[in-house]
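Worksheet for the structure shown next.
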Amino acid sequence: MIKKYKEIGMKKFQKLVVTGLTSITLLSTFAELGTQNVNADTVTGEEDSSQQTFVVPDYSHLNLPNSNPDFVPMNDDSPSEADFDNMSVQELNQYIDKRVQQGRANSIYGESKVIYTPNVLKAMWRAAGAIAKKVGYPCAGTLIEYSASGKNYTEWSRGGGLLASHIRKTAAYKRAKRMNAKSIAFTKSDSKDLFYALHLVSSNFHYTEKHPVHIHDKFDFKYMASYRSPFTAAVNNWAFLCSNIDVLYPSKINIYF
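Using our numbering, the first residue of the sequence shown is number 281, and each one after it goes up by one.
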């Protein structure tokens with residue numbers, strides 16, 4: 281009888297040991313599974329390599345040379361457009377300066393190898409156009425803005441449009457109209473604004489009954505890009521902008537009045 285009870289006790293003991301070991305094994309397995317990322321929607325019984333999770337090292341704590349976390353990278357080809365019309369000349373110059381410095385700070389080759397995207401350069405040119413308008417060159421500044429935006433400039437009026445109103449006041453226009461001339465050359469004595477904006481234009485004084493005068497030209501920036509132009513003093517980094525004149529669009533200019 282005693283022997284029988286010993287055998288029963290031994291079997292219970294063995295069963296408890298087996299149960300305990302099984303529990304430990306299961307807990308260990310689930311602990312390992314808990315450290316993996318499982319996507320329930322993609323589990324098919326086979327390993328899906330496209331669902332693997334990779335940890336990307338974070339190096340933001342490193343202080344690299346010529347780096348500034350506050351700068352926007354110059355490879356962003358869609359810069360947010362500022363409200364240039366409501367900015368002061370100082371603010372516009374700061375806008376241009378900041379983007380020039382951003383490009384240099386983000387360059388790994390040095391200033392001579394800095395590359396700016398076309399959209400960034402065009403935005404700087406539009407800021408320069410806004411400066412020109414604010415310092416007394418509304419016609420030239422407007423054409424810079426249109427050129428930097430890749431647009432043609434067309435003006436219809438009865439003589440009260442932006443360019444038409446300036447053109448009609450000049451001695452060059454009055455003389456050309458009297459002679460029915462096919463072209464008009466604006467000098468600095470006529471208007472410095474028109475000299476830099478248009479300079480030499482084609483003219484037609486018998487276009488239509490409603491708009492008899494048609495003046496047309498192509499914006500080529502020839503005289504405005506001179507280092508002796510007034511924009512050199514008004515616009516910071518004017519020489520830098522002139523070295524990137526190729527981003528400007530040769531706008532077709534048509535003025536009817």
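No residue lacks a Cβ here, since even glycine has one placed at the ideal position from N, Cα and C. Since the model is a prediction, treat every value here as computed from it, not as a measurement.
Limits of the unbroken alpha helix (DSSP H) element including residue i
{"i": "Tyr-476", "result": "472 to 477"}
{"i": "Ser-445", "result": "442 to 447"}
{"i": "Ser-427", "result": "418 to 428"}
Where residue i sits in the DSSP three-state scheme
{"i": "Val-527", "result": "helix"}
{"i": "Tyr-507", "result": "coil"}
{"i": "Tyr-396", "result": "coil"}
{"i": "Lys-502", "result": "coil"}
{"i": "Asp-363", "result": "coil"}
{"i": "Lys-468", "result": "coil"}
{"i": "Asn-517", "result": "coil"}
{"i": "Lys-490", "result": "coil"}
{"i": "Gly-383", "result": "helix"}
{"i": "Cys-522", "result": "helix"}
{"i": "Val-369", "result": "helix"}
{"i": "Thr-512", "result": "helix"}
{"i": "Gly-409", "result": "helix"}
Cβ neighbour criterion (16 or more within 10 Å) applied to residue i
{"i": "Arg-379", "result": "buried"}
{"i": "His-446", "result": "buried"}
{"i": "Ile-533", "result": "buried"}
{"i": "Gln-370", "result": "exposed"}
{"i": "Asp-473", "result": "buried"}
{"i": "Thr-422", "result": "buried"}
{"i": "Ser-368", "result": "exposed"}
{"i": "Tyr-476", "result": "buried"}
{"i": "Ala-408", "result": "buried"}
{"i": "Gly-416", "result": "exposed"}
{"i": "Ser-509", "result": "buried"}
{"i": "Ile-464", "result": "buried"}
{"i": "Asn-460", "result": "exposed"}
{"i": "Lys-502", "result": "exposed"}
{"i": "Tyr-507", "result": "exposed"}
{"i": "Trp-436", "result": "exposed"}
{"i": "Glu-489", "result": "exposed"}
{"i": "Lys-462", "result": "exposed"}
N-terminal and C-terminal residue of the beta strand (DSSP E) that residue i is part of
{"i": "Asn-433", "result": "Here residue 433 is Tyr; the residue named in the question, Asn, does not match the sequence. First-last of the beta strand (DSSP E) with Tyr-433: 433 to 436."}
{"i": "Lys-532", "result": "532 to 536"}
Those residues which DSSP pairs with residue i across a bridge
{"i": "Ser-463", "result": "Ser-482"}
{"i": "Asp-497", "result": "Ile-533"}
Cβ-heavy atom distance, residue i to the ligand HEM, below 8 Å
{"i": "Ser-506", "result": "Ligands in the displayed structure: none, and consequently the ligand HEM is not present."}
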